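**Q** Each number in this note's numbering comes from the position in the sequence shown (counting from 1) with 223 added on.
The C-beta atom is built at its ideal place from N, Cα and C for all residues, glycine as well.
From a predicted model like this one, the values you see are computed outputs, not experimental measurements.
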Amino acid sequence: MRRPFAVFLIGLAALCAVPAASAAGLRLTVGPVPTIYSGTTYYFSAGIEKEDRNDGIVHHAPFTFRTTLPPGVEYAGWNGGWTCSTPPGNRRDVTCVYPTDLNFFNPASGYLQINATVVPTVTPGPVNVVATLESSEVPLPQNPTCAPSPSVTGCASAATSYVQSQIRINDWGYTNGTVTNGPVAVWTGAPFEAGTQNMLVFGVSNSGYGPANTPVTVDLDLPAGFVYAGMFASNPAFGCAAQTPPTHVRCTTPYLIDQGYGFASLRIDVAPDVAVPGPLYVHARVANDAQAAPADCVANPLQTGCGRLQVPTRAPRVPTLVGDSVTHVPATFTLGQEAGPVVVSYRNVGEGNAGATTVYVQLPPYFEYRGVFSASPAATCLSQGQVAAGAVVVCQTAGLLSGGLGWISLRLLPHAQAASPGPLPVVAAFDLATPSTTAILQSCVANPAQAFCANDAIPTFFPCALQHGDEGIFCDGFQPFVRP
């Protein structure tokens, strides 16, 4: 009876003494394991620790960590308190060694980060990162059981997936307070006006690529009549320059962060002879070191890396000056006495703001210009020609805004030689030409009904006292009016 019992005790002792990975007392963690984006850098972390810090066991170094990187993922180095390597010519089989014992006071290894690069051609889909752990005291079984990370079997598996990295034209800036979304869009703001400067904004987004994917290049092909005039703003900083031909503009920035967004706002001069009303098209393509710019963005603007903005155009807004009126106070001018004012009014009925303006006023013979009472906008006036023949008052003033009203109030002295009782014509003309000539005034004198003209007729009174000279002091209201 003793012998069978002794055999049982020996067998039990032997069973307890057999080391097993599942009872090694070490926990292997693989992760976090990020998504594997194509064409860029990649890393994941790993580490080991005592399963029970208080088990009283000292786990002796060295510890060996091994992993075979997924297809298309190639080893580039490591970070942490380990030492890692790959066999010559092999960039997938990674072996890392941790040189420090694990015990109560040092229950876990230092941090390990495996750095890698991912080829651009990986196929999107699920994949696992698998790693093993062993030491001389805890050898790895020939066929270890891999468990989800963290694992105590000596083999850990972490699920992730391949995803295609993309850098793309995201939008074309803001229109009426909303983003003009999508790589292919229609500009719904004000049409680009011939002869003006406008703003062109492009936005780019990045999914997957990182700082190693440098530079990011956006090529813009502008339509005829659009000229790049400089950068307004960008984030991150883009550098832009016209290429050959000048309608080709290239903008670059070092990189966009993963899941990042960037934009650039460009000044665009629109030629006076640009095609109107359009639409005209701006074509774009974006690339980096891993994603080449498509060659057929014009034919296929919806493909990744391409974009197109449809832009309407319009004829330039122009100012149009029209004569509003010429008025006078009092109703009848008394010869020999300063009268006034004579007020010349005009409007800008055009869509554009007017520039510097010249106002001409043709006075009757023997009406003398004495100065300006007031004016809006402020005006500087002078008299040209002979008073006896009919002087011309020429006023220089600033331009009116679209829809604006302007006026000039003149002081005039009708001399005794002026015709009486009239009425005598006053004709005004309004000119935006630079330089301006009196030809426009001559046209208004010939035909004051034209829109850019205004006119008035002033009755005059020749007083008795002025008619008889010194003897005029004897004039009274009963004497007949006799003009020599």
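Could you pull out every residue in the same chain whose Cβ sits closer than 6 Å to the Cβ of GLN187, ignoring the five residues on either side in sequence?
**A** Summary: the structure shown does not reach residue 187, with the chain confined to residues 224 through 707, and so no result is reported for it.
**Q** Is CYS687 helix, strand or coil by DSSP?
**A** CYS687: helix per DSSP, three-state reduction.
**Q** Taking the Cβ atom as the reference point for each residue, do LEU532 and TRP395 lie within a distance shorter than 9 Å?
**A** The answer is yes: Cβ separation under 9 Å.
**Q** What did DSSP end up calling LEU664 once you bin it into helix, strand or coil?
**A** Three-state DSSP puts LEU664 in a helix.
**Q** Work out the CA separation of VAL441 and GLY629 for me, nearest whole Å.
**A** Approximately 49 Å, taken between the alpha carbons.
**Q** Taking 9 Å as the cut-off, decide whether the C-beta atoms of ALA339 and GLU297 are in contact.
**A** Yes.
**Q** Have a look at ALA381 and PRO438 and give me their C-alpha separation to the nearest angstrom.
**A** Between ALA381 and PRO438, the C-alpha separation is close to 33 Å.
**Q** When you compare the CB positions of GLY462 and THR476, do they come within less than 9 Å of one another, or not?
**A** Yes. Within cutoff.
**Q** My parser needs the beta strand (DSSP E) runs of 3 or more residues fully inside the stretch 370 to 435; what are they?
**A** 378 to 386, 389 to 398, 401 to 404, 407 to 409 and 420 to 430, all fully within the stretch 370 to 435.
**Q** Figure out for me which residue from PRO343, PHE288, ILE392 and PRO310 has the closest Cα to the Cα of GLU713.
**A** This structure cannot speak to residue 713, because the chain is shown only from 224 to 707.
**Q** For ALA244, collect the residues of the same chain with a Cβ closer than 7 Å to its Cβ; drop the 5 residues on either side in sequence, then sort them by chain order.
**A** At ALA244, the pLDDT of 38 sits below 50, so the modelled position is not reliable and the matter cannot be decided from this model.
**Q** Which runs of the beta strand (DSSP E), 3 residues or longer, sit entirely within the stretch 433 to 498?
**A** With a minimum length of 3 residues, the continuous beta strand (DSSP E) runs that stay inside the stretch 433 to 498 are 439 to 444, 449 to 458, 462 to 465, 471 to 476 and 484 to 493.
**Q** Just the C-alpha distance for VAL407 and ARG473, rounded to the nearest angstrom, thanks.
**A** Each residue's alpha carbon lies about 19 Å from the other.
**Q** Less than 9 Å between the C-beta atoms of VAL509 and GLY528, yes or no?
**A** A contact, by the Cβ cut-off of 9 Å.
**Q** Is it true that the stretch 553 to 569 meets the stretch 667 to 674, where meeting means three or more beta-carbon pairs spaced less than 8 Å apart?
**A** No, they do not touch.
**Q** Can you tell which of GLN420, LEU605 and ILE663 has the C-alpha that lies nearest to the C-alpha of THR536?
**A** Of GLN420, LEU605 and ILE663, the residue nearest in Cα terms is GLN420.
**Q** Going along the chain, which residues of its own chain have a beta-carbon closer than 6 Å to the beta-carbon of ALA299, five neighbours each way excluded?
**A** Same-chain partners within the cutoff: ASN338, ALA339 and THR340.
**Q** In angstroms with no decimal places, state the Cα-to-Cα distance between PHE425 and PRO434.
**A** Whole-angstrom Cα-Cα distance: 21 Å.
**Q** May I ask you to list the residues that DSSP assigns as paired with SER599?
**A** Per DSSP, TRP630.
**Q** Just to check my reading of the structure: VAL616 and TYR592 have Cβ atoms closer than 8 Å, yes? What is that Cβ distance to the nearest angstrom?
**A** The Cβ separation is near 5 Å, so the contact holds.
**Q** For ALA299, does the three-state DSSP call read helix, strand or coil?
**A** Of the three classes helix, strand and coil, the one that applies to ALA299 here is strand, per DSSP.
**Q** Which residues bound the beta strand (DSSP E) around ARG508?
**A** From DSSP, the beta strand (DSSP E) with ARG508 extends over 503 to 510.
**Q** Is the Cβ-Cβ distance between PRO542 and LEU655 less than 9 Å?
**A** Going by C-beta atoms, PRO542 is nearer than 9 Å to LEU655.
**Q** Beta carbon of THR470, beta carbon of VAL450: below 9 Å?
**A** Going by C-beta atoms, THR470 is nearer than 9 Å to VAL450.
**Q** Consult DSSP for VAL230 and reduce its assignment to one of helix, strand or coil.
**A** Caution is warranted here: a pLDDT of 31 is assigned to VAL230, below 50, making its placement in the model unreliable, and the coordinate value is therefore given only provisionally. VAL230 falls in the helix class under three-state DSSP.
**Q** Grab the span of the beta strand (DSSP E) containing ARG570 for me, first residue to last.
**A** ARG570 -> beta strand (DSSP E) spans 562 to 571.
**Q** Which residue from VAL595, PHE556, THR581 and GLY627 puts its Cα closest to that of VAL572?
**A** Selected option, being the one with the closest Cα: GLY627.
**Q** Can you look up ALA639 in the DSSP assignment and give me helix, strand or coil?
**A** Here ALA639 sits in coil by DSSP.
**Q** On the DSSP letters alone, give me the boundaries of the beta strand (DSSP E) that ARG198 sits inside.
**A** Within the shown structure, residues of the chain are numbered from 224 to 707, placing residue 198 beyond reach of any answer.
**Q** Tell me which same chain residues have a C-beta within less than 6 Å of the C-beta of GLY254, skipping the five on either side of it?
**A** Correct list, in chain order: SER372 and ALA381.
**Q** What would DSSP say about ALA621, mapped onto helix, strand or coil?
**A** It is coil, neither helix nor strand.
**Q** For ALA240, which residues from the same chain have a beta carbon less than 8 Å from its beta carbon, with the 5 sequence-adjacent residues on both sides left out?
**A** Bear in mind that the predicted position of ALA240 carries a pLDDT of just 37, short of 50, making it unreliable; the figure below should be weighed with that in mind. For ALA240, where only same-chain residues beyond five positions count, there are no Cβ hits under 8 Å.
**Q** Hey, how far is the Cα of GLN609 from the Cα of LEU586?
**A** When rounded, the distance between both Cα atoms is 10 Å.
**Q** Using 9 Å as the threshold, is the C-beta distance between PHE596 and ARG540 below it?
**A** No.
**Q** Starting from CYS319, trace the beta strand (DSSP E) both ways and give me its first and last residue.
**A** Start and end: 316 to 321.
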